[in-house]
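Have a look at the structure below, then the notes.
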Amino acid sequence: MQEADILIHNCTILPMNGKDAIIENGLIATKKDKILYVGRETKAPKTKAAITIDGRGKVATPGLINCHTHLPMTLFRGIAEDQPLTTWLTQTIWPLEAKLTPNDIYQGALLGCLENIKNGTTTFADMYFHEEKIAKAVEKAGLRAVLAPGIIEAENREKGERMLKESVEFAQKYNGYADGRVTAQLGPHAVYTCSPQLLTQTREEASKLGIGMHIHVAESKQMAKLVKKRYGLTEIELLESINFLKSNVLAAHCIYLTEKEMRIMAKQNVKVSYNPTANMKIASGTPKIKTLIDLGITVGIGTDGPASNNNLDMFKEMKTAALLQKIRYMNPTVLQAQQVLEMATTDGAKSLGLEKTVGSLEVGKKADIILIDFRKPHLTPVHDPYANIVYSARGSDVDTVIVDGKLLMEGRKVKTLDEEEVMQKAQQTASELLTR
Ligand SMILES: [Zn+2]
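Shown next as structure tokens:
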């Protein structure tokens with residue numbers, strides 16, 4: 001008799017491991033933080049466990065991975081709507097961000113963590129200020145995250161260098177934090193907000209630390225033009241000229257890229273986060289994701305900050321991701337359902353350098369698992385579970401969430417956070433912020 005900690009019986013399993021097809025009447029066993037068994041129930045060795053979950057009518061997938069967000073911006077949800085990017089940033093977001101205290105950031109991050117659990121997102125990549133507070137929220141919530149303190153120089157060398165120094169200190173302290181669920185990256189905000197000198201220094205520090213970097217690339221036409229005018233190079237050309245680009249660089253957005261830039265990114269194995277809702281909402285533009293994928297570039301999906309989305313629901317993001325690309329190429333065969341779920345799981349893990357740890361349901365990988373309850377009118381009938389997940393499901397269909405072998409939510413009840421308290425404190429924090 002094999003001993004496990006959690007057993008999920010009788011579920012449909014989408015392992016997302018690139019080999020196995022859909023497993024019906026499946027069994028998943030977890031032991032400590034890892035997956036012990038995944039496969040047909042009838043072929044499983046006899047196993048007992050302290051916790052057993054009835055998986056009938058439910059579909060198990062790897063936890064979803066959000067490749068680009070600014071989690072504490074949950075506090076700014078709905079605060080400034082339907083404005084151009086520069087107005088939105090300069091008149092509302094930046095003045096409010098200047099008033100944020102570390103505790104505000106903690107409350108906003110807890111709200112974001114709660115929203116992630118309730119929507120089946122088990123890992124997210126974040127760039128913001130006071131990432132140590134976000135690390136604490138992640139620890140409490142039980143989630144997994146890749147955290148990059150944002151570095152913004154904005155023509156102030158001293159400020160840029162100080163932010164870089166603080167980011168290095170953050171990485172030294174928090175890479176591997178919360179039983180390894182937190183990993184650190186450096187987060188130079190963008191080419192238009194950081195000088196080539198600072199970007200070079202950041203690359204050197206990241207290489208010394210052996211960690212990745214998260215940066216906004218070619219998000220806006222205006223900024224792409226500004227960079228070209230200032231340096232005579234496009235954003236990716238500039239990054240390539242200072243040897244910034246490596247396989248552990250995650251580039252968010254990537255809308256205004258030339259063919260040459262795409263080829264450079266493919267050569268250097270740069271990863272991309274595609275954030276369709278935010279791109280549409282701010283009318284930034286539409287990246288050519290199919291072209292990037294055809295060049296062999298790994299693309300994950302992100303929600304971006306909840307102020308420009310306005311939520312963290314990766315199910316909505318998957319659907320939007322597919323639909324927007326179909327329109328971009330005027331071709332309904334572009335980004336098919338299974339491929340989109342791969343982008344939100346396996347490719348997301350690759351984008352964050354976590355492919356050995358998470359992103360698929362395989363023996364020996366971390367037990368980051370979600371169960372989606374298909375016993376709903378909008379998920380009936382089931383011909384193709386991938387299509388149901390990408391085109392019909394919502395975050396609220398997620399019934400159970402396991403991260404690192406721990407149950408974070410069961411029957412939609414979150415076990416690690418007091419849901420009422422988190423929402424009430426976030427509301428209070430957001431209201432107070434406006435009166436400061
Ligand atoms: Zn962003």
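Per this note's numbering, residue 1 is the first one in the sequence shown, and the count goes up by one each step.
Glycine is no exception: its CB is placed at the ideal position from the N, C-alpha and C atoms.
Practice task
May I have the straight-line CA-CA distance separating phenylalanine 170 from arginine 203, to the nearest angstrom?
Solution key: 16 Å
Exercise for the section: Give a yes or no on whether the C-beta atoms belonging to isoleucine 117 and leucine 143 are separated by under 9 Å. Expected result: yes
Handout entry: Contained alpha helix (DSSP H) runs [length at least 4] in the region 49 to 119, N- to C-terminal order
Key = 94 to 99 and 102 to 118
Exercise for the section: Pull up the DSSP beta-bridge partners for glycine 39, would you. Expected result: Leu27
Practice task
Could you tell me whether the region 83 to 98 touches the region 42 to 51, using the rule of 3 or more Cβ pairs below 8 Å?
Solution key: no
Exercise for the section: Tell me whether isoleucine 211 sits in a helix, a strand or coil according to DSSP, three-state version. Expected result: coil
Exercise for the section: In the DSSP assignment, find the beta strand (DSSP E) that holds lysine 271 and state where it starts and stops. Expected result: 271 to 274
Handout entry: Collapsed DSSP secondary structure at glycine 411 in the structure displayed
Key = coil
Problem - At least three beta-carbon pairs within less than 8 Å, the region 127 to 143 to the region 100 to 109 - result: yes
Exercise for the section: Could you tell me whether the region 311 to 324 touches the region 354 to 371, using the rule of 3 or more Cβ pairs below 8 Å? Expected result: no
Problem - Bounding residues of the alpha helix (DSSP H) (the contiguous stretch that carries arginine 474) - result: With the chain represented from 1 up to 436, any question about residue 474 goes unanswered, as that position is not in the structure.
Handout entry: In DSSP terms, what isoleucine 402 is bridged to
Key = Ile369 and Leu407
Exercise for the section: Check whether the Cβ of alanine 80 sits closer than 8 Å to any heavy atom of ligand 1, and report yes or no. Expected result: no
Problem - Contact the region 336 to 343 vs the region 401 to 417: 3+ CB pairs below 8 Å - result: no
Problem - Paired residues, beta bridge with lysine 34 - DSSP - result: Lys31 and Lys366
Problem - Within the region 220 to 246, ranges of the alpha helix (DSSP H) (whole runs, at least 4 residues) - result: 221 to 231 and 235 to 241
Exercise for the section: Could you tell me whether any non-hydrogen atom of ligand 1 is closer than 8 Å to the CB of glycine 18? Expected result: no
Exercise for the section: For the alpha helix (DSSP H) containing alanine 430, list its first residue and its last residue. Expected result: 419 to 435
Handout entry: Cβ-heavy atom distance, alanine 252 to ligand 1, below 8 Å
Key = yes
Exercise for the section: Can you check the region 275 to 344 for any alpha helix (DSSP H) of at least 4 residues that lies completely inside it and give the ranges in chain order? Expected result: 276 to 281, 289 to 294, 314 to 329 and 337 to 344
Practice task
Could you round the C-beta distance between alanine 224 and tyrosine 256 to whole angstroms and report it? I think they count as a contact, below 8 Å.
Solution key: 4 Å
Exercise for the section: Within its chain, find whatever has a CB closer than 7 Å to the CB of tyrosine 192; leave out the 5 residues flanking it on each side and keep chain order. Expected result: Met223, Leu226 and Val227
Problem - Paired residues, beta bridge with threonine 183 - DSSP - result: Val146
Handout entry: Bridge partner(s) assigned by DSSP for isoleucine 6
Key = Thr30 and Ile51
Exercise for the section: Reducing DSSP to helix, strand and coil, say where histidine 130 ends up. Expected result: coil
Practice task
May I ask you to check if the CB of alanine 278 is nearer than 8 Å to at least one heavy atom of ligand 1?
Solution key: yes
Practice task
Look up leucine 250 in the DSSP assignment and say whether it is helix, strand or coil.
Solution key: strand
Practice task
Could you tell me which residues DSSP puts in a beta bridge with cysteine 11?
Solution key: Gly26
Practice task
Run the proximity test for glycine 305: is its beta-carbon closer than 8 Å to any non-hydrogen atom belonging to ligand 1?
Solution key: yes
Handout entry: Three or more C-beta pairs below 8 Å linking the region 262 to 280 and the region 71 to 87
Key = no
Problem - Counted within 10 angstroms of its Cβ, other Cβ atoms place leucine 434 as buried (16 or more) or exposed - result: exposed
Exercise for the section: Out of Leu407, Val59, Asp126 and Gln197, state which residue places its alpha-carbon closest to the alpha-carbon of histidine 68. Expected result: Asp126
Handout entry: threonine 61 versus serine 360: straight-line alpha-carbon distance, rounded
Key = 8 Å
Problem - Contacts around alanine 29, its chain only, beta-carbon distance under 6 Å, and the 5 residues preceding and following it disregarded - result: Ala4, Leu7, Leu36, Tyr37 and Thr47
Handout entry: Cβ shell of glutamine 172 (< 6 Å), same chain only, five flanking positions each side left out
Key = none
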